[in-house]
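What follows is a set of notes on a single structure, which appears directly below.
2 protein chains.
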Amino acid sequence: MPAFDFTLLSQDGAARRGRVMTAHGSFETPGFMATATAGTIKGMHPDAVRATGAELAICNTYHMMLRPTPERVAALGGLHKFMNWPGPILTDSGGFQVMSLAKLRQITEQGVTFRSHLDGSAHELTPERSMEIQHLLDSNITMCLDECTPHPATHEVAAASMRMSMRWAERCRQAFVKREGYALFGINQGSTYPNLREESAAALKQIGFDGYAVGGLAVGEGQEMMFRMLDATVPFLPEDKPRYLMGVGKPDDIVGGVLRGIDMFDCVMPTRSGRTGQAFTARGTVNIRNARHIEDKRPLDASCGCPACANYSRAYLHHLFRAEEMLGPMLLTWHNLTYYQTLMRDLRQATEQRNLQNFAAIFYEQQSRGDIEALA
Amino acid sequence: MPAFDFTLLSQDGAARRGRVMTAHGSFETPGFMATATAGTIKGMHPDAVRATGAELAICNTYHMMLRPTPERVAALGGLHKFMNWPGPILTDSGGFQVMSLAKLRQITEQGVTFRSHLDGSAHELTPERSMEIQHLLDSNITMCLDECTPHPATHEVAAASMRMSMRWAERCRQAFVKREGYALFGINQGSTYPNLREESAAALKQIGFDGYAVGGLAVGEGQEMMFRMLDATVPFLPEDKPRYLMGVGKPDDIVGGVLRGIDMFDCVMPTRSGRTGQAFTARGTVNIRNARHIEDKRPLDASCGCPACANYSRAYLHHLFRAEEMLGPMLLTWHNLTYYQTLMRDLRQATEQRNLQNFAAIFYEQQSRGDIEALA
Chain A
178 MPAFDFTLLS
188 QDGAARRGRV
198 MTAHGSFETP
208 GFMATATAGT
218 IKGMHPDAVR
228 ATGAELAICN
238 TYHMMLRPTP
248 ERVAALGGLH
258 KFMNWPGPIL
268 TDSGGFQVMS
278 LAKLRQITEQ
288 GVTFRSHLDG
298 SAHELTPERS
308 MEIQHLLDSN
318 ITMCLDECTP
328 HPATHEVAAA
338 SMRMSMRWAE
348 RCRQAFVKRE
358 GYALFGINQG
368 STYPNLREES
378 AAALKQIGFD
388 GYAVGGLAVG
398 EGQEMMFRML
408 DATVPFLPED
418 KPRYLMGVGK
428 PDDIVGGVLR
438 GIDMFDCVMP
448 TRSGRTGQAF
458 TARGTVNIRN
468 ARHIEDKRPL
478 DASCGCPACA
488 NYSRAYLHHL
498 FRAEEMLGPM
508 LLTWHNLTYY
518 QTLMRDLRQA
528 TEQRNLQNFA
538 AIFYEQQSRG
548 DIEALA
Chain H
178 MPAFDFTLLS
188 QDGAARRGRV
198 MTAHGSFETP
208 GFMATATAGT
218 IKGMHPDAVR
228 ATGAELAICN
238 TYHMMLRPTP
248 ERVAALGGLH
258 KFMNWPGPIL
268 TDSGGFQVMS
278 LAKLRQITEQ
288 GVTFRSHLDG
298 SAHELTPERS
308 MEIQHLLDSN
318 ITMCLDECTP
328 HPATHEVAAA
338 SMRMSMRWAE
348 RCRQAFVKRE
358 GYALFGINQG
368 STYPNLREES
378 AAALKQIGFD
388 GYAVGGLAVG
398 EGQEMMFRML
408 DATVPFLPED
418 KPRYLMGVGK
428 PDDIVGGVLR
438 GIDMFDCVMP
448 TRSGRTGQAF
458 TARGTVNIRN
468 ARHIEDKRPL
478 DASCGCPACA
488 NYSRAYLHHL
498 FRAEEMLGPM
508 LLTWHNLTYY
518 QTLMRDLRQA
528 TEQRNLQNFA
538 AIFYEQQSRG
548 DIEALA
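Each protein sequence line maps, in turn, to chains A and H. Quick note on the numbering used here: the first sequence kicks off at 178 and runs consecutively. Quick note on the numbering used here: the second sequence kicks off at 178 and runs consecutively.
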């Protein structure tokens, strides 16, 4: 069984090109995870997800703890076998979804009690239970339970929230069962306050983790503030461990994150947008439901080799969404995942070639031009 | 361009093993079509449909005439290109869906006027317009416009309805534009009256078609009556042309149809049932939503090689349906299409080997045994 390991292959400014090894294989960084909330990447067969270039899947502890339950997943052989994803899997701690989905939440020093959004049943999630659940799921990368500080927060509220998360991080470290090829990541908090972000980074380093996430961003503070917080946080994280910006983001967020030294990203955007007819392209987003595509013979993105672009006209994709046919979301999800993975591949290559600034400039210029209009 | 052609390869009693050639390739008979109502097989990429063994797709004239319109499909290069299905395509006439879906229908000798179920817009479908639409769609097998006589019907009503359909069949024959590799099929009607079925068969033969469908069955008359009507109809159809039992059916309906000399079948059952969690197996149907599967480690059907059976436990499939995840319908649709195509392959083989009676006896015995219970 290979040890969990992060290899820094090359750097370009703050940006890093690396590789993470786990018990279930490796993934390249900077990398973007495939979102498998309830143990499935929505609308995709797993082999198709791998064909897009995705190597790491992220599942949600909150969803899996309610249904089918971690004990059942363990009895069925763990998440990899359950969902037919032999590659590396990361699980979040459950904390974020408890705050956004569950009912009657109560946070104390001990943990959080809540009622399921599915059936109202009572549950408790503590740092120790979160570690146990992620262990039962057989997650390769376990995330600490933290409180994602609501935005905006006063300095006082943000400090108290962050410090409790740091005490929880210590309890997670104690409860986590070490296994070869498995990792525990700490999560930096501190809202929009640079001194709290620095204090949090120091606290996490003191405990010692296999990787470091930046949490509590992309929660409404805006891209400029998010980038400022990365600038105020990343320099205080260890150089020799992977860095993960949680829940981010749009393509231009990711480019900005890589430029600032982030290695790992996850976001529901490519899959969720795909299901509603929004496609990502080199020239910005395209809403395929728009009537201008009704007779459009062109592919969605002529530069893309995914099945949606290789085999169909925009007119057909438009028809599928108008007729509410499943194949529409299936094809646009495939396209969006391909777009994201191609972007990550290009970012890795630009970083290797120390060409990232130039790549980013061209990327932003292309994005700002907007979709090519169909000829009349 | 190959001519449209039916080759009878072998026979076993009334059952036939054959091959149909079209301008877009051939398909083996007895064969089951892939249902692509609105220009897509629901929940499936076309290459996956082909991987199940399906060779012929059926699209619905009613749906395509309303949206995206046949003129648009023609401008986009025809249905094969539009939906990325290079193989043979059959289209129905639109008549059946007009009667089951449209509003304010009025049938006269001229044709049928109706309002769209989508937006209330007024439309007219005549034998001539149905031929034109199917021509614009570039369908390899065009079906005559007929009236699917409602069930039950008095002899008088059934006779009048059937005779109008025969007059429409003559108009379809006149309006159909002959092209190499393209075919026009007549449709036998006559409700549950053997003498009307025989009269209809004679009328169709008199006009002369490239294939003969049996319509107006599987509309509530029950399997026994349906088989009686096949016994009263098929002997009066030409031996050297393919025979198509429209909208049928359950696996045991198909076995009974093949035993009675039917070559082609279509039904929404494998795709529609797949979307609601019902799976077809050698041991009858399984409802994967049933709670007994919640911890069931077994595959859906150990004898099946489809992705649903090869890669997942029943517990996982159950979880997908409980969580309303798209992959559930996607996997069960794939399984059901595989089940149907495997059944057709076995029926063809048994017919070649003159072993069909024996095959059918084993089939019915297996089906009656029911799903194997999970071990405790």
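Using N, Cα and C, we set each Cβ at its ideal position, and we do this for glycine too.
Own chain partners of residue i with C-beta closer than 7 Å, once the 5 adjacent residues on each side are dropped
{"i": "leucine 281 of chain A", "result": "Phe291, Arg292"}
{"i": "phenylalanine 259 of chain A", "result": "Gly216, Val250, Leu253"}
{"i": "glycine 392 of chain H", "result": "Asp323, Cys325, Ile364, Asn365, Gln366, Met423"}
{"i": "alanine 279 of chain A", "result": "Phe291, Arg292, Ser293, His294"}
{"i": "glutamate 463 of chain H", "result": "Glutamate is not the amino acid found at residue 463 of chain H; the sequence shown has valine there. Excluding residues within five positions, the ones whose Cβ falls inside 7 Å are Ala456, Leu477, Asp548."}
{"i": "arginine 522 of chain A", "result": "Gly230"}
{"i": "alanine 379 of chain A", "result": "Phe413"}
{"i": "arginine 531 of chain H", "result": "Asp189"}
Contact set between residue i and chain H, taken where Cβ atoms lie within less than 8 Å
{"i": "alanine 215 of chain A", "result": "His496, Ala500, Glu502"}
{"i": "leucine 253 of chain A", "result": "Glu472, Lys474, Ser490, Ala492, Tyr493"}
Residues near residue i by beta carbon distance below 6 Å, same chain, minus five either side
{"i": "tryptophan 262 of chain H", "result": "Pro223, Ala234"}
{"i": "proline 447 of chain A", "result": "Asn513, Leu514, Tyr517"}
{"i": "alanine 213 of chain A", "result": "Ala234, Cys236"}
{"i": "alanine 553 of chain A", "result": "Note that alanine 553 of chain A scores a pLDDT of 44, beneath 50, so its modelled location is shaky; the value from the coordinates is reported in the next line. Here the set comprises nothing."}
{"i": "alanine 336 of chain A", "result": "Leu373"}
{"i": "arginine 466 of chain A", "result": "Gly454, Phe498"}
Residues that residue i contacts on chain A, provided the C-beta gap is smaller than 9 Å
{"i": "arginine 249 of chain H", "result": "Ile471, Glu472, Ala492, His496"}
{"i": "isoleucine 245 of chain H", "result": "Position check: residue 245 of chain H holds proline in this sequence, whereas isoleucine was assumed. Those are Ile471, Glu472, Ala492, Tyr493, His495, His496, Arg499, Ala500, listed as they occur along chain A."}
Within chain A, the residues that residue i reaches when beta carbons sit closer than 7 Å
{"i": "lysine 219 of chain H", "result": "Glu502, Met503"}
Residue i: contacting residues in chain H (beta-carbon distance under 9 Å)
{"i": "phenylalanine 581 of chain A", "result": "With chain A covering 178 to 553 only, the question about residue 581 of chain A has no answer from this structure."}
{"i": "proline 263 of chain A", "result": "Here the premise fails: no neighbours, minimum Cβ distance about 10 Å."}
{"i": "histidine 512 of chain A", "result": "None at all; the shortest Cβ gap to chain H is about 13 Å."}
Neighbour list for residue i in chain H, Cβ cutoff strictly below 7 Å
{"i": "proline 484 of chain A", "result": "His222"}
Sequence-distant residues of its chain with Cβ nearer than 8 Å to residue i (five each side left out)
{"i": "leucine 562 of chain A", "result": "Since the first residue shown for chain A is 178 and the last is 553, residue 562 of chain A is missing from the structure and cannot be characterised."}
{"i": "tyrosine 541 of chain A", "result": "Asp429, Val432"}
{"i": "alanine 180 of chain H", "result": "Met198, Glu357, Gly358"}
{"i": "alanine 479 of chain A", "result": "Cys486"}
{"i": "glycine 271 of chain A", "result": "Asn237, Thr238, Tyr239, Met242, Leu302, Ser307, Ile310, Leu322"}
{"i": "glutamate 416 of chain H", "result": "Leu185"}
{"i": "glycine 297 of chain A", "result": "Lys280"}
Rounded Cβ spacing between residue i and residue j (contact assumed at less than 8 Å)
{"i": "glutamine 518 of chain H", "j": "alanine 231 of chain H", "result": "6 Å"}
{"i": "arginine 374 of chain A", "j": "methionine 406 of chain A", "result": "6 Å"}
{"i": "glycine 264 of chain H", "j": "isoleucine 318 of chain H", "result": "The pair is not a contact, with the Cβ atoms about 12 Å apart (cut-off 8 Å)."}
{"i": "tyrosine 421 of chain A", "j": "aspartate 440 of chain A", "result": "7 Å"}
{"i": "methionine 339 of chain H", "j": "serine 377 of chain H", "result": "5 Å"}
{"i": "proline 207 of chain A", "j": "leucine 436 of chain A", "result": "In fact, because the Cβ distance is near 10 Å, the residues do not count as touching under 8 Å."}
{"i": "arginine 348 of chain A", "j": "glutamate 305 of chain A", "result": "6 Å"}
{"i": "proline 245 of chain A", "j": "histidine 496 of chain H", "result": "5 Å"}
{"i": "glycine 438 of chain A", "j": "arginine 193 of chain A", "result": "6 Å"}
8 Å Cβ cutoff, residue i in contact with chain B
{"i": "glycine 424 of chain A", "result": "Here the protein chains are A and H, and chain B is not one of them."}
Unbroken stretches of the beta strand (DSSP E), 3 residues or longer, contained in the stretch 431-457 of chain H: none
Ordered list of alpha helix (DSSP H) runs contained in the stretch 353-398 of chain H, each at least 4 residues: 371-384
The stretch 192-207 of chain H contacting the stretch 475-493 of chain H, beta-carbon criterion three pairs below 8 Å: no
Beta strand (DSSP E) runs contained entirely in the stretch 261-292 of chain H, provided each spans 3 or more residues: 266-268, 280-284, 289-292
Cβ contact check for the stretch 221-240 of chain A and the stretch 402-417 of chain A: 3 or more pairs under 8 Å: no
Segments assigned alpha helix (DSSP H), at least 4 residues, entirely inside the stretch 205-258 of chain H: 223-228, 238-243, 247-252
Minimum length 4: unbroken alpha helix (DSSP H) runs contained in the stretch 461-541 of chain A: 484-488, 491-499, 504-529
Inter-stretch contact at 8 Å, needing at least 3 Cβ pairs: the stretch 208-220 of chain A / the stretch 395-408 of chain A: no
The stretch 185-192 of chain H / the stretch 493-513 of chain H touching (three or more Cβ pairs under 8 Å): no
Three-pair Cβ contact test at 8 Å for the stretch 323-334 of chain A versus the stretch 358-377 of chain A: yes
Meets three-Cβ-pair contact criterion under 8 Å: the stretch 442-452 of chain A and the stretch 508-521 of chain A: yes
Complete beta strand (DSSP E) runs within the stretch 182-207 of chain H (minimum length 3 residues, chain order): 182-189, 192-199, 202-206
Unbroken stretches of the alpha helix (DSSP H), 4 residues or longer, contained in the stretch 295-335 of chain H: 304-314
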